[in-house]
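J.: Under the working numbering, the sequence shown has 201 at position 30, and the numbering climbs by one with no breaks.
Just so you know, even glycine gets a beta-carbon here, dropped at the ideal spot from N, CA and C.
Note that the structure is predicted; figures quoted are calculated from it, not measured.
Quick one: the structure is below, questions incoming.
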Amino acid sequence: MSRTKVRNWKNLLEKRVTELIALAKELCPEAEVVVASPIGDEDAAIEVFVPSEKYDEVRHALIRKSVDINWEDGFFISTMVHEKSDWQKETL
Numbered sequence: 172m173s174r175t176k177v178r179n180w181k182n183l184l185e186k187r188v189t190e191l192i193a194l195a196k197e198l199c200p201e202a203e204v205v206v207a208s209p210i211g212d213e214d215a216a217i218e219v220f221v222p223s224e225k226y227d228e229v230r231h232a233l234i235r236k237s238v239d240i241n242w243e244d245g246f247f248i249s250t251m252v253h254e255k256s257d258w259q260k261e262t263l
């Protein structure tokens, strides 16, 4: 792949990750988002920590958006949503 194509691919991937983060923040402004290292065949990965009451809404929206991105651009962006309260208990 030429450098230009690689650069364009990376720019588009970054744009799509940014869209997912913006969607999470739109649905839950207090969401904490971490861009994680991709594993296996993932192109990118994000983890989102939200209050329990926002978990389902954010999770479903991010899954739908990541599937749309996969169909449109072929990127596999893993989106993991965690409830803040559960995650905080596990780390204490």
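Using a 10 Å radius around the Cβ and a threshold of 16 neighbouring Cβ atoms, would you call Lys176 buried or exposed?
T.: By the neighbour-count rule (16 or more Cβ atoms within 10 Å), Lys176 is not buried but exposed.
J.: Under three-state DSSP, which class holds Ser173?
T.: The answer is coil: DSSP assigns Ser173 none of H, G, I, E or B.
J.: Give the range of the beta strand (DSSP E) segment to which Ser249 is assigned.
T.: Run containing Ser249: 248-254, per the beta strand (DSSP E) assignment.
J.: Grab the span of the beta strand (DSSP E) containing Glu218 for me, first residue to last.
T.: Looking at the DSSP string, the run of the beta strand (DSSP E) that includes Glu218 is 215-221.
J.: Are the CB atoms of Leu198 and Val238 nearer to each other than 8 angstroms?
T.: No. Outside cutoff.
J.: Identify the residues that DSSP records as bridge partners of Glu224: which are they?
T.: Answer is none; Glu224 lacks a bridge partner.
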